[in-house]
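**Q**
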Amino acid sequence: MKVVLPPTAEQQLAFLTKLQRLFAEGDFTATYKFALLIALSDLAVEWGADDGSELPLTTRQIAERLVQQYWRHVLPYGTDRIHTMAGVLSQNLGAQAAVLTAIEEFRSTSGSRTLQQARSEAAYGRLLTKVTTVVSAQPLTYLQNFGGTTDPFLYDRPQRGIVVLKPCVAYCFRRFHPLVQQLARNHWVGHIKANRRNHGILGEAGGLEDFLFGISRQSLALIGAGLHKLDGPKCFYCGQGLQEADVDHFVPFALYPRDLAHNFVLAHPQCNRSKSDSLAGKGHLERWLERLATKSAQLGEIGMEAGVAADNKTALRVAAWGYMNAHAAQGKAWIKASAYELIDSGYLTHLAAG
Ligand SMILES: [Zn+2]
0 MKVVLPPTAE
10 QQLAFLTKLQ
20 RLFAEGDFTA
30 TYKFALLIAL
40 SDLAVEWGAD
50 DGSELPLTTR
60 QIAERLVQQY
70 WRHVLPYGTD
80 RIHTMAGVLS
90 QNLGAQAAVL
100 TAIEEFRSTS
110 GSRTLQQARS
120 EAAYGRLLTK
130 VTTVVSAQPL
140 TYLQNFGGTT
150 DPFLYDRPQR
160 GIVVLKPCVA
170 YCFRRFHPLV
180 QQLARNHWVG
190 HIKANRRNHG
200 ILGEAGGLED
210 FLFGISRQSL
220 ALIGAGLHKL
230 DGPKCFYCGQ
240 GLQEADVDHF
250 VPFALYPRDL
260 AHNFVLAHPQ
270 CNRSKSDSLA
280 GKGHLERWLE
290 RLATKSAQLG
300 EIGMEAGVAA
310 DNKTALRVAA
320 WGYMNAHAAQ
330 GKAWIKASAY
340 ELIDSGYLTH
350 LAAG
């Protein structure tokens, strides 16, 4: 197999500088480009390698990620404040963005309650085809235009339906994933706030970021109930009984802000707060891997019920990526309140075996 070297520090800096220029100088009529950047960096984490190799993707694969991101955005947003009125937020400066309209149409005739259930419908295939067309014609075509020229530093499109992340791009997306996500999300929120069509819906209230990127309370409640049944009323981390339970992201949401059913565990609110945005220690990781191996199907069903992506292998790849990055940065893992340890190579051995 051809060995492809990871990018040098200088090449990584060049990537970040270009990305900054893209946000500053790009033209953002709709919110699609933010969604596309989030999709590309997520796919790089899930499918990319830690050398400098290219990463081929399909436009349909990318379109599916956009459907996931926009799925909840077609619900009316309401703040309950005076002088505001609930409504679907506009994600385009002109008429509503076509992807939202397509999802809205699909949801109005679909019998499915969640996206996970909808995926088995024949009409979902047609929705995906529609969104693939929009993604190909719009954000994929224009993302790399900024500062008055085209600078294809992220990907090439060698043939219809195929997008290839250039050498070292998947590496940089994996390395700087939290930064890319934060940039894209901030700009996305800013775009919606600046769109005067949304002013009557938004008022001065906050909470928009949660609505756009967070999990719904209803899904969270369903996951909590499912985990309670599956794992019993005890805290995943300390093993003690639970009166009140938080649904915790095992790989922290701050590190990887996409909800995966297999990444959820129940924890005491105080254990959850103490772990905060840290990765969990080796003993926790071992138990999590064991649970993934033995309870994968049940976790999948919980995800299906709650409308959250449920894929054992993706959760594993994301965890492997998270610990690998933390190991490279000499990061520490949380064991219990105020107790941390260095993430040594032993962690990676466990993940490779899982
Ligand atoms: Zn606990």
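According to numbering that gives the first Met the number 0, the sequence shown is numbered sequentially starting from 0.
All residues carry an ideal CB built from backbone N, CA and C; glycine is no exception.
1. I think A332 touches S277, with their Cβ atoms under 8 angstroms apart; what is that distance to the nearest whole Å?
2. Terminal residues of the continuous alpha helix (DSSP H) containing F172?
3. From the DSSP output, read off the bridge partner residues of P5.
4. Exposed or buried, E289, counting other C-beta atoms within 10 Å across all chains shown (16 or more means buried)?
5. Are G306 and Q115 touching if we call contact CB-CB under 7 angstroms?
6. Since V44 and R173 should fall inside the 8 angstroms C-beta cutoff, what is the C-beta to C-beta distance between them, to a whole number of angstroms?
7. What does H248 pair with, by DSSP beta-bridge criteria?
8. How many Å lie between S40 and T57 at the Cα?
9. Is H267 close to ligand 2? I mean its beta-carbon at under 6 angstroms from any heavy atom of the ligand.
10. Can we say the region 48–55 touches the region 206–219, given the rule of at least three CB pairs closer than 8 angstroms?
11. Quick one: what's K335 bridged to in DSSP?
12. Using the C-alpha atoms, what's the distance from G231 back to L182?
13. How far does the alpha helix (DSSP H) with L126 in it extend, from its first residue to its last?
14. State whether the region 28–36 contacts the region 132–146, with contact taken as three or more CB pairs (one from each stretch) at a distance under 8 angstroms.
15. Can you tell me whether H198 is buried or exposed? The criterion is at least 16 other CB atoms within 10 Å of its CB, across all chains shown.
16. Would E63 be called buried (16 or more neighbouring beta carbons within 10 Å of its own) or exposed?
17. Buried or exposed for Q158, going by 16 or more other Cβ atoms inside 10 Å?
18. What would DSSP say about Y236, mapped onto helix, strand or coil?
19. In the DSSP assignment, what residue or residues form a beta bridge with F22?
20. For A169 and L12, I'd like the C-alpha separation in whole angstroms.
21. Using DSSP with H/G/I as helix, E/B as strand and the rest coil, what is T108?
22. Pick out whichever of A97, L226, Q10 has its Cα sitting closest to the Cα of F263.
23. As a quick exercise: from F22, T30, P6, pick the residue whose alpha carbon is nearest that of I191.
**A** Inspection of the coordinates gives the following:
1. Approximately 6 angstroms separates the beta-carbon atoms of A332 and S277; this is inside 8 angstroms, confirming the contact.
2. Annotation: the continuous alpha helix (DSSP H) that includes F172 extends over 168–174.
3. None; P5 has no bridge partner.
4. That one is exposed.
5. Yes, these two residues count as a Cβ contact at 7 angstroms.
6. Here V44 really is in contact with R173; their C-beta atoms are around 6 angstroms apart, less than 8 angstroms.
7. Looking at the DSSP output, H248 bridges to F263.
8. Using only the alpha carbons, I get a separation of about 14 angstroms.
9. Judged by which ligands are present, ligand 2 is missing from the structure shown, whose ligands are ligand 1.
10. Touching, no, given that fewer than three Cβ pairs across the two stretches are closer than 8 angstroms.
11. Bridge pairing for K335: A338 [DSSP].
12. Their Cα atoms are separated by approximately 39 angstroms.
13. Counting along the chain, the alpha helix (DSSP H) containing L126 begins and ends at 121–136.
14. Because the criterion of three Cβ pairs below 8 angstroms is met, the region 28–36 and the region 132–146 touch.
15. Using a 10 angstroms sphere on the CB of H198, the tally of other CB atoms stays under 16, which defines it as exposed.
16. So E63 counts as buried.
17. Burial call: exposed.
18. Under the three-state reduction of DSSP output, Y236 falls in the coil class, being neither helix nor strand.
19. According to DSSP, which records beta bridges pairwise, F22 is partnered with nothing at all.
20. In this structure, the alpha-carbon of A169 lies about 14 angstroms from that of L12.
21. Per DSSP, reduced to three states, the secondary structure at T108 is helical.
22. When the alpha-carbon of F263 is set against those of A97, L226, Q10, the nearest one is in L226.
23. It is T30 whose Cα lies nearest to the Cα of I191.
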